[in-house]
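Residue numbers (the working numbering): 39 to 200.
Ideal Cβ positions, reconstructed from N, Cα and C, are used throughout, including at glycine.
These figures come from a predicted structure and were not determined experimentally.
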């Protein structure tokens with residue numbers, strides 16, 4: 039993996055018609071935010087090679103909306119990414135080639151973001167901001183060297199959370 043983008047799903051509706059958390063769809067605000075983050079990532083030169091998304095409705099919809107900003111990328115929906123912890127997210131992404139996008143859930147994405155930011159010696163202001171909040175629709179970008187060491191490349195927050 040040369041680059042890892044950790045992308046929290048967009049803002050979701052509070053409830054699903056089925057009553058199951060897994061089935062909660064994106065809200066209109068979540069759709070707008072996912073599109074905006076996709077555009078911001080593409081504008082900064084990101085070109086995903088593979089997308090690993092939780093199979094939940096809101097993560098699938100997040101990628102469906104964001105992918106319009108990118109050239110085609112392979113997508114997989116591993117069951118283990120639904121509400122996965124930081125270690126599971128890392129293990130699922132490691133060993134993949136190129137730029138890997140993980141679309142998933144907190145707290146796992148937030149925990150992995152903070153772990154990688156600390157390992158990368160990210161700027162204190164960015165680390166502090168990420169510690170305070172990692173709301174729906176946020177993306178964190180890291181270059182990953184051949185030894186698996188991260189370099190922090192940025193945080194992208196949905197406009198409303200700015």
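When you compare each of 121, 167 and 115 to residue 176 by their alpha carbons, which one comes out closest?
Checking every option, the nearest Cα to that of residue 176 belongs to 167.
Note down, one range per segment and in chain order, each beta strand (DSSP E) of at least 3 residues found wholly within the stretch 154-198.
Counting only runs of 3 or more, we get 177-182 and 188-194.
In the stretch 106-137, which residue ranges form an unbroken alpha helix (DSSP H) of at least 4 residues, counting only runs that do not cross its ends?
Here the runs fully enclosed are 124-131.
Pick out whichever of 57, 75, 56 and 60 has its Cα sitting closest to the Cα of residue 174.
Of the candidates 57, 75, 56 and 60, the one whose C-alpha sits nearest the C-alpha of residue 174 is 75.
Kindly indicate which three-state DSSP category residue 142 falls into: helix, strand or coil?
Residue 142: strand per DSSP, three-state reduction.
With distance defined between alpha-carbon atoms, name the residue in 73, 185, 182 and 149 nearest to residue 172.
Comparing Cα-Cα distances from residue 172 to each of 73, 185, 182 and 149, the minimum goes to 149.
Within 10 angstroms of its Cβ, does residue 56 collect 16 or more other Cβ (buried), or is it exposed?
Result: exposed.
Return helix, strand or coil for residue 70, following the three-state DSSP convention.
Three-state DSSP puts residue 70 in a helix.
For the putative contact between residue 90 and residue 119, defined by C-beta atoms under 8 Å, what is the C-beta separation to the nearest angstrom?
So it is a contact: roughly 6 Å between Cβ atoms.
DSSP has residue 41 in a bridge; who is on the other side?
DSSP lists 137 and 181 as partners of residue 41.
Should the stretch 95-106 be regarded as contacting the stretch 121-134, the criterion being three or more beta carbon pairs within less than 8 Å?
Flag = no, the stretch 95-106 and the stretch 121-134 do not touch.
Which term fits residue 186, buried or exposed, when burial requires 16 or more other beta carbons within 10 angstroms of its beta carbon?
It is exposed - the Cβ of residue 186 has fewer than 16 other Cβ atoms within 10 Å.
Rounded to whole angstroms, what is the Cα-Cα separation between residue 63 and residue 41?
When rounded, the distance between both Cα atoms is 28 Å.
Rounded to whole angstroms, what is the Cα-Cα separation between residue 105 and residue 162?
Spanning the two alpha carbons is a distance of roughly 31 Å.
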